[in-house]
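Below is one structure, written out as structure tokens, with a few remarks after it.
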Amino acid sequence: MHADPTDTAVAGLRLLVGPAQLHDRVNELAAELRGVYSDADRPVLVSVLKGATLFLADLVRCAGIDCEVEFMSISSYGSPQANSGTVRIEQDLSTDIAGRHVLVVEDIIDTGLTLNYLMRVLRAREPASLRVCTLLDKDVRRIVDLPIDHVGFSIPDVFVIGYGLDYAEEYRHVDAIFVADDLDALAADPACYAEILCCGGTGSLPTAL
Ligand code: IMP
Ligand code: MG
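Sequential numbering from 116 applies to the sequence shown in my numbering.
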């Protein structure tokens, strides 16, 4: 499914995916997963901290699959905009995934460098199967060719915040996904949209929430 920003703009902010659309799509992805894992013995859902946590929580509740949930924490070097692909595991899985059915749950795939590294690490541990489910896919930005099994929304080359996705740890709790067009304004003040999105400010965008 393609998601395109609405024309409604408040100071460089546009709604991309509203709560109802998020809810509907998560339900559809959950149904896909029920089909894939109906005969699998307790799949392990591996989520990368912190962005995918909201998506993961909604997905496991909708899917209703008997599964395990695991987290990894990864740090990449350099700025996110100039992702070098050099990644280090800060927090590893707490279980052995050899012979298990593993599903990586991601918030967003951009260049694909982070996921490419993660897939190599997980594949080396010899799971029975290894699939990927991402909420958002910026496929136009991809520099590593990776098969993605389940995609919530294919999005253009824009910077998004909300529903787990942050800028400098702001906006994760926002219950919708917004495009932040003015990255200079965000860099100067990471909380510059907080009043509009989080505190019932006077902008017109929250009517969509
Ligand atoms: P990749 O290695 O380039 O695919 O980067 C993926 C990671 O970059 C994601 O897990 C996010 O943490 C971050 N990222 C990429 N695009 C965005 C965005 O538009 N908003 C917030 N974080 C992003
Ligand atoms: Mg992430």
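For each residue, glycine too, the CB sits at the ideal point set by N, CA and C.
Tell me whether residue i sits in a helix, a strand or coil according to DSSP, three-state version.
i	result
TYR152	coil
PHE274	coil
ALA243	coil
ASP207	coil
ALA213	coil
HIS288	coil
TYR308	coil
MET187	strand
ALA135	helix
Does the Cβ of residue i lie closer than 6 Å to at least one heavy atom of ligand 1?
i	result
PHE274	yes
ILE263	no
ILE258	no
ASP139	no
LEU233	no
ASP211	no
ILE224	yes
THR201	no
MET227	The question names Met, yet the displayed sequence has Gly at residue 227. Correct: GLY227 has its Cβ closer than 6 Å to ligand 1.
LEU174	no
GLY279	no
GLY127	no
GLY166	yes
Quick one, are the C-beta atoms of residue i and residue j less than 7 Å apart?
i	j	result
LEU137	ALA118	no
HIS216	PRO158	yes
ILE189	ILE204	yes
ARG257	GLY279	no
ASN231	VAL202	no
ALA167	VAL220	yes
GLU241	ALA213	yes
With a threshold of 6 Å on Cβ separation, who are the neighbours of residue i within its own chain once the five nearest residues in sequence on each side are excluded?
i	result
VAL273	VAL294
THR322	Note that THR322 scores 45 on pLDDT, short of 50, meaning its location in the model is unreliable and no value can be drawn from it.
Report back the beta-carbon spacing between residue i and residue j to the nearest angstrom; my notes put them in contact at under 8 Å.
i	j	result
VAL141	ASP173	5 Å
ARG238	LEU245	6 Å
Leaving out five residues before and five after residue i in sequence, what residues of the same chain have Cβ atoms less than 7 Å from its Cβ?
i	result
LEU144	LEU174, CYS248, HIS265, GLY267
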